[in-house]
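Note that the sequence shown covers residues 16 to 263 in our numbering.
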Amino acid sequence: MTNDYTRRDFLATATAGAALASLSNNSLAETESDLNTVLSSAFNTVQEIKPLPFDPAKLDGISEKLIRSHWENNYAGSVKALNAVKLKLAGFLEDSTLPPYIYNDLKREHLIRTGSVVLHELYFANLGGSTKPDATVGKALSESFGSVETWEKEFKRIGAGLGGGSGWVVLGLNLHTGLLENYWQWDHANAPSATLPILVLDMYEHSYQMDYGAAAGNYVDAFFRNIQWQVVASRLQKAFKARSVWIS
16 MTNDYTRRDF LATATAGAAL ASLSNNSLAE TESDLNTVLS SAFNTVQEIK PLPFDPAKLD
76 GISEKLIRSH WENNYAGSVK ALNAVKLKLA GFLEDSTLPP YIYNDLKREH LIRTGSVVLH
136 ELYFANLGGS TKPDATVGKA LSESFGSVET WEKEFKRIGA GLGGGSGWVV LGLNLHTGLL
196 ENYWQWDHAN APSATLPILV LDMYEHSYQM DYGAAAGNYV DAFFRNIQWQ VVASRLQKAF
256 KARSVWIS
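Here is the structure:
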């Protein structure tokens with residue numbers, strides 16, 4: 016019990032390294048003041064389609080044709096569907112004769128479409144690189160998994176297990192437990208509570224079939240050659256800051 020507790024406590028604090036060390040009373044005050052920001056309407060906000068943050072012709076082992084199809088059909092399609100669902104929800108809420116179970120059918124679609132939009136945007140944002148994890152990310156992965164190689168081995172194994180089906184592999188920092196872990200997600204609505212995604216891999220067949228057919232493992236290898244580690248490092252640093260506020 017002592018060793019387990021020490022590991023969790025260490026991960027929640029020491030693994031933050033420079034990120035947590037850089038926090039000051041002023042930065043925490045700024046975070047708290049952000050809570051006073053006026054939020055957008057839950058019903059009326061229109062989700063915008065974000066452009067690809069990299070040149071799709073320059074990826075290593077993932078074709079431009081595949082990326083553009085993925086972005087235009089799957090991601091953009093989910094954005095359009097989400098906007099349509101939210102429009103319907105706003106109207107249905109005013110209909111007092113509508114059975115609640117019918118409303119909830121649409122809320123389920125709202126959950127799925129929101130997850131698809133968010134995960135696709137995170138996925139595309141962590142593509143377009145070619146380097147290795149920096150010292151901060153490498154330290155966090157080593158402390159959480161024993162080594163960067165062990166983390167990669169598990170991440171890839173989860174991806175291989177999703178080959179031929181659907182789902183996501185997510186490296187996430189759980190704000191409640193303080194653990195940095197790899198998560199298996201079967202669909203857009205299946206995610207661990209209180210977890211901030213750090214690295215996202217799309218394992219739906221549309222993300223690789225055009226290039227690799229049924230050879231999902233080759234796609235996972237190609238994904239690793241194109242990770243934008245600067246984005247990963249930025250997400251991790253922000254997650255450490257969020258964790259420090261969460262537990263305060």
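Yeah, the Cβ is synthetic: ideal placement off N, Cα and C, and Gly gets one too.
Source: prediction; values computed, not measured.
Name, in chain order, the residues that DSSP records as bridge partners for residue i.
i, result
"L186", "N197 and L214"
"I242", "L142"
Residue i lies in the alpha helix (DSSP H); which residues open and close that run?
i, result
"H135", "P115 to A140"
"A99", "A91 to L108"
"Y227", "Q224 to Y227"
"A150", "A150 to F160"
"K80", "E79 to S84"
"E164", "V163 to L177"
One question on the structure: do residue i and residue j come within less than 8 angstroms of each other, judged by their Cβ atoms?
i, j, result
"L214", "S159", "no"
"L188", "M218", "no"
"N152", "L97", "This sequence places Val at residue 152; Asn is not what is there. No, these two residues do not count as a Cβ contact at 8 angstroms."
"P212", "L137", "yes"
"L81", "D202", "no"
"W199", "L134", "no"
"R258", "G174", "no"
"H221", "N89", "yes"
"G130", "A57", "no"
"G179", "A231", "yes"
"L251", "A155", "yes"
"A248", "D149", "yes"
"P71", "E63", "no"
Pick from the options: whose alpha carbon is nearest that of residue i?
i, options, result
"K147", "V260, A105, I262 and Q243", "Q243"
"N197", "K80, F170, G180 and G174", "F170"
"A204", "R128, L251, A231 and K253", "R128"
"K122", "V100, G92 and S111", "V100"
"Y223", "S84, L156, F58 and V260", "S84"
"T210", "L216, H191 and G228", "H191"
"S208", "E87, L216 and V185", "V185"
"K103", "N59, G228 and E167", "N59"
- Message: Measuring CB atoms only, is the segment 63-71 touching the segment 122-142, in the sense that at least three cross pairs come out at less than 8 angstroms?
- Response: yes
- Three or more C-beta pairs below 8 angstroms linking the segment 234-242 and the segment 71-84: yes
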